[in-house]
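Using numbering that gives the first Met the number 0, the first residue of the sequence shown is number 0, and each one after it goes up by one. As structure tokens, the structure follows; a few thoughts come after it.
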Amino acid sequence: MPISSAVPSPSDPIPTRLAERVSQSYLGPKPLTPLIGREEELRLIAGILVRDDVRLLNLTGPGGIGKTRLTLGAANALIEDFPDGVYVIELASLANPSLVISAIAKALAAPDLGIESMPEALK
């Protein structure tokens with residue numbers, strides 16, 4: 000798929016169910032303040048995450064520019080698009096990449112199946 004068709008335009012409408020909302024299916028910190036002035040970025044994130052061929056979106060940039068706040072805003076806004084729930088899993092404190100699967104399993108309250116079968120269980 001060409002990259003131009005993979006990334007929504009900032010002028011594309013926000014997906015129908017995208018609105019500021021909070022749900023019990025969202026298991027992450029609740030933002031204390033509204034997200035202001037990030038509508039374009041939120042629209043881009045939403046347009047990418049609701050696609051069937053996308054399972055992960057990585058936001059990168061210098062510290063303090065609002066990546067976490069934008070991520071939390073998108074998670075709250077897209078909750079109805081993910082009927083199994085939305086989970087925020089903090090990975091910044093992990094020093095070893097091999098701990099990522101365990102952190103995900105713990106956040107999802109997945110039973111301990113051993114490291115060999117855990118990736119399959121998380122699919």
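Beta carbons are placed, not taken as given, at the ideal position from N, Cα and C, and that holds for glycine. Remember, it's a predicted structure, so these values are computed and weren't measured experimentally.
Sequence-distant Cβ neighbours of I44 in its own chain, meaning closer than 6 Å and more than five residues away, are A73. A Cβ-Cβ contact shorter than 9 Å links V85 with L77. Per DSSP, reduced to three states, the secondary structure at V85 is strand. Spanning the alpha carbons of T32 and I100 requires a straight line of approximately 31 Å.
Following the DSSP letters along the chain, one finds R68 inside the alpha helix (DSSP H) bounded by residues 66-76. A Cβ-Cβ contact shorter than 9 Å links L34 with L69. P96 sits in a helix when the DSSP states are folded into three classes. A direct Cα-Cα distance of roughly 11 Å separates A91 from T67. Membership of L41 in the alpha helix (DSSP H) is indicated by the continuous run 38-48.
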